[in-house]
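Numbering (my numbering), first residue to last: 155 to 430.
Notes follow once the structure below has been shown.
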DNA sequence: GTGAGTGTTTCGCT
DNA sequence: TAGCGAAACACTCA
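Below, the structure written as structure tokens:
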């Protein structure tokens, strides 16, 4: 589930709980989660201190004292939890970081899609595919209208799919893509080069505003997502279209429709969002 | 019990 | 090269 606001919420929680903590030992009950060399992963993390936790798009970057960075992507259902030393592994714990202060940091992932890798700090952009091709963060400064015009108008892709492509804009997922298209009154199957510059300006504003609002609300909880404190976000109460198929549009009352766009469930209003 | 659907990314094919 | 569809896996719901 995690999109940018959820990952940012996790980052803040982890920063509060484990920034400055030193790692004593690393157990990896599900070795497939680590895509770099497993032996080196365990060896290099042992004795390292977590100096800081950064985020880029939906990726978490654990900056370690030994000039290594652990890159972690939660994919669908990855979660971190902090437990006292000795606490039993969860059913889906894939990695257990034992800390010297008698706590342990678990990485749990029921669907086993999440991945982590250890790379030298500074090399992560080069070594981690996906991270190196990431588009700008959806912020006022990074996501300029000039950039939007350039990428949207030179492509002929369907806008919903285009927004989900992290190399265009980092951090949008299925939920917020549906939300911002509804807010901007753009049909999800509109091709990107057909969207006027004026509309792109509105879309840009809505993306920045929506991601920022969702982050303030600690993200959206659809199924199993919870933040590091085991709390759930409450932005789902703010969603206008996602998960509301067959219910009336909150703007015009028309029944919202659900279709597939590029394999992804997509909810929209057939009256407000007309295809051009 | 069975089949469809689920938040993300990568990879291979055209 | 750009774009599309399938695959990775486990669980829930109809």
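The beta carbon of each residue, even a glycine, is placed where N, CA and C say it ideally should be.
If you're wondering where the values come from, they're calculated on a predicted model, not measured in any experiment.
Query	Result
How do the segment 163-175 and the segment 208-224 stand: do at least 3 beta-carbon pairs fall below 8 angstroms, yes or no?	yes
Any heavy atom of the ligand FAD closer than 7 angstroms to the CB of residue 347?	As for the ligand FAD, it is missing from this structure, which has no ligand bound.
Among the residues of its own chain, which have a CB less than 6 angstroms from the CB of residue 342, if the five just before and after it don't count?	314, 335, 415, 420 and 422
From residue 407 to residue 398, what does the alpha carbon distance come to, in whole angstroms?	12 angstroms
Let me know the secondary structure DSSP gives residue 297 once reduced to three states.	coil
Which complete beta strand (DSSP E) runs does the segment 341-369 hold, if anything under 3 residues is left out?	none
Tell me the DSSP bridge mates of residue 263?	232
Quick check: the Cα distance between residue 288 and residue 227, rounded to an integer number of angstroms?	13 angstroms
What are the boundary residues of the alpha helix (DSSP H) that includes residue 310?	Taken as a continuous stretch (DSSP letters only), residue 310 belongs to no alpha helix (DSSP H), as it is neither H nor E.
In chain order, what residues of the same chain have a beta carbon less than 8 angstroms from the beta carbon of residue 379, not counting five sequence neighbours either side?	With a pLDDT of 48 at residue 379, under the threshold of 50, the modelled position of that residue is not reliable, and the figure given next carries that caveat. The answer, listed in chain order, is 155, 156, 160, 231, 233, 373, 386 and 387.
Between which two residues does the alpha helix (DSSP H) containing residue 338 stretch?	328-338
Can you name the start and end residues of the alpha helix (DSSP H) that residue 163 belongs to?	158-172
Count the other CB atoms, across all protein chains shown, that sit within 10 Å of the CB of residue 206; report buried if there are 16 or more and exposed otherwise.	exposed
Can you find the residues in the same chain that come closer than 6 angstroms, C-beta to C-beta, to residue 404, ignoring five residues on each side of it along the sequence?	394
Identify which residue in 251, 310 and 417 has its Cα closest to the Cα of residue 177.	251
Taking the beta strand (DSSP E) that residue 251 belongs to, which residues open and close that run?	247-253
Taking the beta strand (DSSP E) that residue 389 falls in, what are its first and last residues?	Counting along the chain, residue 389 falls outside any beta strand (DSSP E), and DSSP gives it neither H nor E.
Determine the burial state of residue 428: buried for a count of at least 16 other Cβ atoms within 10 Å of its Cβ, exposed for fewer.	exposed
First and last residue of the alpha helix (DSSP H) that includes residue 280?	278-281
With 16 as the cutoff for other CB atoms within 10 Å, does residue 377 come out buried or exposed?	The predicted model places residue 377 with a pLDDT of 47, which falls under 50 and marks its position as unreliable; any figure quoted below should be read in that light. Residue 377 is exposed by the Cβ-count criterion.
Taking the straight line between their C-alpha atoms, what separation do you get for residue 181 and residue 328?	33 angstroms
Take the Cβ of residue 320 as the centre, count every other Cβ of all protein chains shown within 10 Å, and call the residue buried at 16 or more, exposed below.	buried
Where does residue 214 sit, in a helix, a strand or coil, going by DSSP?	strand
In three-state terms, what does DSSP make of residue 208?	strand
Return the Cβ separation of residue 302 and residue 358 in integer angstroms, given the expectation that the two are a contact with Cβ distance under 8 angstroms.	5 angstroms
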